[in-house]
Amino acid sequence: MRITPFQKFVSISVLLVLLLGAVAFGFVAISGRVLRFGTFRQSIRERIEVLEGKQEEARKLSLIFREHRSEFDRMKKSFIDPQSPIGFVEQIEALGRATGNSVSFLVDEGKSDARSFLFNVEVKGTRENIVRMVRALEVFPYSLAFEEIRFRASGQDGGASREKKEAGNLDAITASLRVFALENKSR
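Residue numbers (my numbering): 1 to 187.
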């Protein structure tokens, strides 16, 4: 069987159309990938720029931290550790002993939270010693605030003599003392 020139023309034309279609499809597929890659590359560049900005900011903060480390450490010590407030309690008890007072503590867990502790503190001693302790607490190296203070003069409990009551000596002070905790931002 012999192939006529017309059959050759038709078969070559069909092959060329199929080949042209395959090339066009390949071109569209490749150009779509190139466009997606360009968009992906641009988003990567933007993320790199953001990260470089954050890295520069971190470098500057690191320099500031190194320059002022002693100040940061001093400020950090003015807050109690929320995981271990025992150190603060021990320091208050030592201050009470140093000023000649007895100190008792109770944590008000209902009014304490992650940022602060509320302690109900009772200090017993002479008026002069209690005043010395309150003055020492005012300059105590912790971030604290007195929320409520009640003085109880000796004799209000019925056990002191009339002379002692008239002298105005204080028997006890009860205070609600809010102490601020160091927040941990790394969580």
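For each residue, glycine too, the CB sits at the ideal point set by N, CA and C.
Per-residue burial, residue i [other beta carbons within 10 Å of its own, 16 or more giving buried]
{"i": "valine 123", "result": "buried"}
{"i": "aspartate 171", "result": "buried"}
{"i": "isoleucine 149", "result": "exposed"}
{"i": "phenylalanine 9", "result": "exposed"}
{"i": "valine 121", "result": "buried"}
{"i": "glycine 125", "result": "buried"}
{"i": "isoleucine 12", "result": "exposed"}
Cβ-Cβ distance between residue i and residue j below 8 Å
{"i": "alanine 175", "j": "phenylalanine 140", "result": "no"}
{"i": "phenylalanine 117", "j": "isoleucine 92", "result": "no"}
{"i": "leucine 177", "j": "alanine 136", "result": "no"}
{"i": "valine 89", "j": "leucine 144", "result": "no"}
{"i": "alanine 181", "j": "alanine 114", "result": "yes"}
{"i": "phenylalanine 119", "j": "valine 134", "result": "no"}
Beta-bridge pairing of residue i - partner residues as DSSP gives them
{"i": "phenylalanine 146", "result": "Leu177"}
{"i": "serine 62", "result": "The partner list for serine 62 (beta bridge, DSSP) is empty, contrary to what the question assumes."}
{"i": "lysine 124", "result": "Ser102 and Ala172"}
Backbone secondary structure at residue i - three-state DSSP
{"i": "aspartate 73", "result": "helix"}
{"i": "serine 84", "result": "coil"}
{"i": "alanine 114", "result": "coil"}
{"i": "glutamate 109", "result": "coil"}
{"i": "arginine 152", "result": "strand"}
{"i": "phenylalanine 27", "result": "helix"}
Quick check: the region 126-138 against the region 97-105, are there 3 or more CB pairs under 8 Å? The region 126-138 makes contact with the region 97-105, as at least three CB pairs between them are under 8 Å.
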